[in-house]
Amino acid sequence: MIIPVNHASSHTLNKKSRSEEGEATVSGPEDAIEDLRVSVGLRIDDEHLSRALMNGLRDVEKLLHESVRSEVSAVEEAALHLVDAGGKRFRPLFTLMAAQFGNGASAEVITAATAVELVHLATLYHDDVMDEATMRRGAESANTRWNNTVAILTGDFLFAQASRLVADLGTDAARIIAETFGELVTGQMRETIGPARGEDPIARYLSVIAQKTGSLIATSGWFGAMLSGAPPEQIQALRRFGSLIGAAFQISDDILDIASSSVELGKSQGTDLREGVRTLPVLYALADPGTDARLVELLSSPLSEDALITETLGLLRGSAGLTQAQATLSDYSHRAMNELTTLPVSPARTACESIAEYLIARTH
Ligand code: IPE
Ligand code: IPE
Ligand code: MG
Ligand code: MG
Numbered sequence: 009m010i011i012p013v014n015h016a017s018s019h020t021l022n023k024k025s026r027s028e029e030g031e032a033t034v035s036g037p038e039d040a041i042e043d044l045r046v047s048v049g050l051r052i053d054d055e056h057l058s059r060a061l062m063n064g065l066r067d068v069e070k071l072l073h074e075s076v077r078s079e080v081s082a083v084e085e086a087a088l089h090l091v092d093a094g095g096k097r098f099r100p101l102f103t104l105m106a107a108q109f110g111n112g113a114s115a116e117v118i119t120a121a122t123a124v125e126l127v128h129l130a131t132l133y134h135d136d137v138m139d140e141a142t143m144r145r146g147a148e149s150a151n152t153r154w155n156n157t158v159a160i161l162t163g164d165f166l167f168a169q170a171s172r173l174v175a176d177l178g179t180d181a182a183r184i185i186a187e188t189f190g191e192l193v194t195g196q197m198r199e200t201i202g203p204a205r206g207e208d209p210i211a212r213y214l215s216v217i218a219q220k221t222g223s224l225i226a227t228s229g230w231f232g233a234m235l236s237g238a239p240p241e242q243i244q245a246l247r248r249f250g251s252l253i254g255a256a257f258q259i260s261d262d263i264l265d266i267a268s269s270s271v272e273l274g275k276s277q278g279t280d281l282r283e284g285v286r287t288l289p290v291l292y293a294l295a296d297p298g299t300d301a302r303l304v305e306l307l308s309s310p311l312s313e314d315a316l317i318t319e320t321l322g323l324l325r326g327s328a329g330l331t332q333a334q335a336t337l338s339d340y341s342h343r344a345m346n347e348l349t350t351l352p353v354s355p356a357r358t359a360c361e362s363i364a365e366y367l368i369a370r371t372h
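For our numbering, add 8 to where a residue sits in the sequence shown, where the first one is 1.
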């Protein structure tokens, strides 16, 4: 069974909800933890951890809003557009969770958690231009609402704000975030230009997703652990866990792009097919000699007509390619979970495990 990302209920952390009288009310900490359970499968049985993460996420939300202020209202409005549209806040959450292996969420940890979300946001503005996506976080993408120029410049603005925040964390942190962004952009570039002749497309896909998605999630864990003073071997374990869970997250996202509806995703569905980006289920389907001939034919040429996209999505849903992608996702999640064995048994470790388990469950 496919468990879609529940956008309707994953936005209350940073969005006001309306009471029956129509009065705006801000959701409480319990709602936010519940949202994270729905959106990333986070399981927290420990009251202390739950409070710590909740308080940390509140501080991040505040700093996020402060960071996108601008004297020029058009800049602020375009930046706030996706900040306020919701999002899981998975990267800051993971930074806060990693800080639990040290001394918890200090001001530096909050700064780092906010910065990784700002970098993530910047890449989403740019990614939607590249992918010509019309929806993001259940709202219109910035390129659709305004235009490509506004979306690109807003992404740049967000990255500038992230860099400003990280400058306060010292030169090591500044170097780490710069290298991470370089790696992420390299992954996006490699995805765009496609494999060279003779290159194994599946190995290439796996290395591209490690760069474009794993890198920032790895850095989120690294920052949280490093800035809270966790022991070096735990910092490295959380970094590796982040890299693997990030790749698993991207594989599950690519599976959901085929298996869920746009409403469930909160973003345009079938975008990868439309853009000719061959994700893991497609690559496996093309490599499997048993794949339906019609599916191979459809996947061999660019797809722009809605009817052909719908037909391809239908055939992919029943393909061995999808099942093989689910198996690779399980493999990554299990490898990620293995990295946690060096960490002390604690509610934070259990919470990390629950995310790895959920990534498998949400696409099966
Ligand atoms: C979307 O990331 C882009 C990918 C790396 C798959 P998220 O799924 O974390 O997006 P938000 O932040 O919740 O919108
Ligand atoms: C999102 O990539 C951006 C980065 C990982 C840098 P995708 O294009 O694969 O993700 P969605 O599906 O648009 O969120
Ligand atoms: Mg995209
Ligand atoms: Mg993309």
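Even glycine gets a Cβ: it sits at the ideal position worked out from N, Cα and C.
Among residues of its own chain, excluding the 5 on either side of residue i, which ones have a beta-carbon nearer than 7 Å to its beta-carbon?
{"i": "I118", "result": "G64, D67, V68 and L71"}
{"i": "G112", "result": "A60 and S236"}
{"i": "V285", "result": "E199"}
{"i": "T188", "result": "S223, L224 and T227"}
{"i": "Y340", "result": "L252, A255, A256 and I259"}
{"i": "F98", "result": "V48"}
{"i": "M154", "result": "The amino acid at residue 154 is misidentified as Met; the sequence shows Trp. Only A86 meet the Cβ criterion."}
{"i": "V304", "result": "L294"}
{"i": "A182", "result": "V174 and A175"}
{"i": "E116", "result": "L177 and L235"}
Take the Cβ of residue i as the centre, count every other Cβ of all protein chains shown within 10 Å, and call the residue buried at 16 or more, exposed below.
{"i": "A245", "result": "buried"}
{"i": "A106", "result": "buried"}
{"i": "I368", "result": "buried"}
{"i": "V80", "result": "exposed"}
{"i": "E125", "result": "buried"}
{"i": "S47", "result": "buried"}
{"i": "P289", "result": "buried"}
{"i": "E241", "result": "exposed"}
{"i": "M143", "result": "buried"}
{"i": "G190", "result": "exposed"}
{"i": "A233", "result": "buried"}
{"i": "V13", "result": "Any reading at V13 must be qualified, since the residue scores a pLDDT of 43, below 50, and its modelled position is unreliable; the value itself is stated next. Buried."}
{"i": "V353", "result": "exposed"}
{"i": "T349", "result": "exposed"}
{"i": "E347", "result": "buried"}
{"i": "I201", "result": "exposed"}
Considering only C-alpha positions, which residue in the set the options is nearest to residue i?
{"i": "V127", "options": "L50, S75, D280 and V290", "result": "S75"}
{"i": "A168", "options": "P310, P355 and S78", "result": "S78"}
{"i": "G222", "options": "F102, L281 and V304", "result": "F102"}
{"i": "Q332", "options": "P310, M345, G298 and F165", "result": "G298"}
{"i": "L173", "options": "A335, A186 and Y213", "result": "A186"}
{"i": "R282", "options": "S269, S268, R248 and T318", "result": "T318"}
{"i": "G95", "options": "L177, T157 and K275", "result": "K275"}
{"i": "A147", "options": "V193, I160 and V91", "result": "V91"}
{"i": "T162", "options": "V137, Q108 and I52", "result": "V137"}
{"i": "P100", "options": "W230, T152, A150 and T157", "result": "W230"}
Following a CB-centred definition, is residue i positioned closer than 7 Å to any heavy atom of ligand 1?
{"i": "G278", "result": "no"}
{"i": "D92", "result": "no"}
{"i": "D8", "result": "Examination of residue 8 is not possible in this model, given that the chain is present from 9 through 372 alone."}
{"i": "K96", "result": "yes"}
{"i": "D43", "result": "no"}
{"i": "D261", "result": "yes"}
{"i": "H73", "result": "no"}
Whose C-beta lies closer than 6 Å to the C-beta of residue i among residues of the same chain, with five residues either side of it excluded?
{"i": "L306", "result": "T320"}
{"i": "A238", "result": "F109 and G110"}
Cβ of residue i versus every heavy atom of ligand 2: is any distance shorter than 7 Å?
{"i": "T221", "result": "yes"}
{"i": "L192", "result": "yes"}
{"i": "K380", "result": "No answer is possible for residue 380: it lies beyond the span of the chain, which begins at 9 and ends at 372."}
Comparing the CB of residue i with every heavy atom of ligand 3, is any distance shorter than 7 Å?
{"i": "D377", "result": "As displayed, the chain neither begins before 9 nor continues past 372, which places residue 377 out of reach and without an answer."}
Identify, in the order they occur along the chain, each residue of the same chain with its Cβ nearer than 8 Å to the Cβ of residue i, setting aside the five sequence neighbours on each side.
{"i": "L166", "result": "V76, A87, L126, V127, L129, A130 and Y133"}
{"i": "L311", "result": "L281, R282, G284, I317 and T320"}
Just checking residue i against ligand 4 - is the residue's beta carbon closer than 7 Å to any of the ligand's heavy atoms?
{"i": "D135", "result": "yes"}
| task | Report the residue ranges of all alpha helix (DSSP H) runs contained in full by the segment 173 to 243; include only those spanning at least 4 residues, in chain order. | result | Counting only runs of 4 or more, we get 179 to 201, 209 to 217 and 223 to 235.
| field | 4-residue-minimum alpha helix (DSSP H) runs that sit fully inside the segment 263 to 294, ordered along the chain | value | Whole alpha helix (DSSP H) segments, 4+ residues: 270 to 273 and 279 to 283.
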